[in-house]
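Everything below concerns the one structure shown next.
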Amino acid sequence: MSALRTWSAIAAIVLSSTAGDVLLSRAMRQIGHVGELWRRRGLRAVLRAVVTHPSFLLALFFMATSFFGLLAALSWADVSLVVPATASLTYITNAFGASLFLRERVDRRRWLAALLVGAGVAVLAA
Amino acid sequence: MNVRRYLVIVAIIVFASFGDISLSYGMKRVGAISLARWTELVAAVFNPWVALGIVLLLGFLASYLSALSWSDLTYVLPATSFGYVLLALLSIWLLGEKVNVSRWIGILLVSSGVAIVTRGPAATHRSRAEFASTTGDSQ
């Protein structure tokens, strides 16, 4: 029961974190280069563009879900399981998400990087 | 990538690392929270270490958003994972933690991933206008 609860929390954290990252990336890509926008129209325009973007607001919801999920999981499960598992799996799910929803060209180089980093983070954080 | 862009990547690494340390330290002081008393999670944000962690993670969010506005998600995430290597090296040098084989393997794996991804282009997606016009299409 305890293992099931922990792995359910890990799955929920990974999925909501991936949804948050993909939506944030989508929002920022549609807004465009923030440095140029800042120079052209000022900081207020940048902030307004970001905080009123629907994908950003949805991303915040998923990031908050992931954040509170992590806090909850850390309070009952071992940090040496929850942190490496969620951190490493998120690299893999983000590569899928970016390829599917953001149309990034996730070539062999990017997949290899995601797998190496995912494996390395799992080993380091354990 | 120019120097300013590398600095944004470094800022992401620094804010995320110190933010996580602060949060982790704070939650250890708060203690275990059961699902039945989930409202205690909201109260946890008033712990000073958790609050500092949240401020640092806001700094992370600002630099992260900036990076995502000019590069791919599958570039930013592996590139900033170097923070794990940095933390491991700092804990070895400053805290005198034991350097076991698995930790060196982890450092090597993450560093290889970072080296591979940062040698490629930062952005592979189509232009902003092209992207906006095709978002949602099945392609």
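Residue numbers (the numbering used here), protein chains in the order written: chain X, 2 to 127; chain L, -4 to 134. Glycine included, C-beta positions come from ideal geometry on N, C-alpha and C.
If you reduce the DSSP assignment to three classes, tell me which class Trp44 of chain L lands in. helix
Give me, in chain order, the residues of the same chain whose beta-carbon lies closer than 7 Å to that of Ser17 of chain X; leave out the 5 immediate sequence neighbours on both sides. Phe63, Thr66, Ser67, Gly70
Within a Cβ cutoff of 6 Å, which residues of the same chain sit near Leu103 of chain L, ignoring the five residues on either side of it in sequence? Excluding sequence neighbours, Leu103 of chain L sits near nothing in its chain.
Within-9 Å CB hit, Gly1 of chain X to chain L: Because residue 1 of chain X is not part of the residues shown, which for chain X are 2 to 127, the question remains open.
Do the CB positions of Leu81 of chain L and Ile4 of chain L come within less than 9 Å of each other? no
State the CB to CB distance for the pair Ile111 of chain L and Ala114 of chain X, rounded to an integer number of angstroms; the pair is presumed to be in contact (CB under 8 Å). 5 Å
Counting only Cβ pairs nearer than 7 Å, list the residues of chain X close to Ile100 of chain L. Within chain X, the residues near Ile100 of chain L are Val124.
Quick check: what's the CA-CA separation for Phe97 of chain X versus Ala13 of chain X? Straight across, the Cα-Cα distance linking Phe97 of chain X with Ala13 of chain X is about 16 Å.
Between Ser19 of chain L and Gly78 of chain L, which are expected to be in contact by the criterion C-beta below 8 Å, what is the C-beta distance as a whole number of angstroms? Their Cβ separation, rounded to whole angstroms, is 14 Å, which puts Ser19 of chain L and Gly78 of chain L out of contact at 8 Å.
Kindly list the residues whose CB is nearer than 8 Å to the CB of Val45 of chain L, restricted to its own chain and excluding five residues on each side of it in sequence; keep chain order. Ser17, Leu18, Gly21, Met22, Val25, Ala39
Which residues bound the alpha helix (DSSP H) around Ala95 of chain X? Reading off the sequence, residue 95 of chain X comes out as Asn, not Ala. From DSSP, the alpha helix (DSSP H) with Asn95 of chain X extends over 80 to 102.
Using beta-carbon positions only, say whether Trp99 of chain L and Arg0 of chain L come within less than 9 Å of one another. No, the pair does not count as a contact, with Cβ atoms beyond the cut-off.
Residues of its chain near Leu24 of chain X, where Cβ-Cβ distance is below 6 Å and the 5 sequence neighbours each way are ignored: So the list reads Ser56, Leu59, Ala60, once near-sequence residues are dropped.
Between Gly101 of chain L and Leu2 of chain L, what straight-line distance do the alpha-carbon atoms span, to the nearest angstrom? 24 Å
Candidates L:Leu56, L:Thr75, L:Arg32, L:Leu53, of which the one nearest Val118 of chain X by Cα: Closest by alpha carbon: L:Thr75.
Taking C-beta pairs closer than 8 Å, name the residues in chain L that His34 of chain X reaches, listed in chain order. What His34 of chain X touches in chain L: Ser64, Trp65.
Distance CB(Arg122 of chain X)-CB(Ser100 of chain X) smaller than 9 Å: Here residue 122 of chain X is Val; the residue named in the question, Arg, does not match the sequence. Contact flag unset, no.
Kindly say whether Leu47 of chain L, judged by its beta-carbon, lies nearer than 9 Å to any beta-carbon of chain X. No Cβ of chain X is located within less than 9 Å of the beta carbon of Leu47 of chain L.
Quick check on Phe41 of chain L: buried or exposed, where buried means 16 or more other Cβ atoms within 10 Å of its Cβ? exposed
Contact criterion: CB-CB distance below 9 Å. Does Thr119 of chain L meet it with respect to chain X? yes
Own chain, CB closer than 6 Å to Asn95 of chain X, minus 5 neighbours either side, in chain order: Thr19, Asp22
Near-chain L residues of the region 107 to 119 of chain X - C-beta to any C-beta below 7 Å: Val107, Arg110, Arg111, Leu113, Ala114, Ala115, Leu117, Val118
Determine the direct distance from the alpha carbon of Val35 of chain X to that of Gly54 of chain L, and round the result to whole angstroms. Our two residues, Gly54 of chain L and Val35 of chain X, have alpha carbons roughly 15 Å apart in a direct line.
For Phe63 of chain X, return the contacting residues in chain L, with the cut-off set at a CB-CB distance below 7 Å. Result: empty, since nearest Cβ-Cβ is about 13 Å, beyond 7 Å.
When DSSP labels each residue in this structure, what does Val3 of chain L get in the three-state scheme? helix
I need the DSSP call for Trp77 of chain X, collapsed to helix, strand or coil. helix
One question on the structure: do Ile49 of chain L and Gly14 of chain L come within less than 9 Å of each other, judged by their Cβ atoms? yes
Helix, strand or coil at Val112 of chain L according to DSSP, with G and I counted as helix: helix
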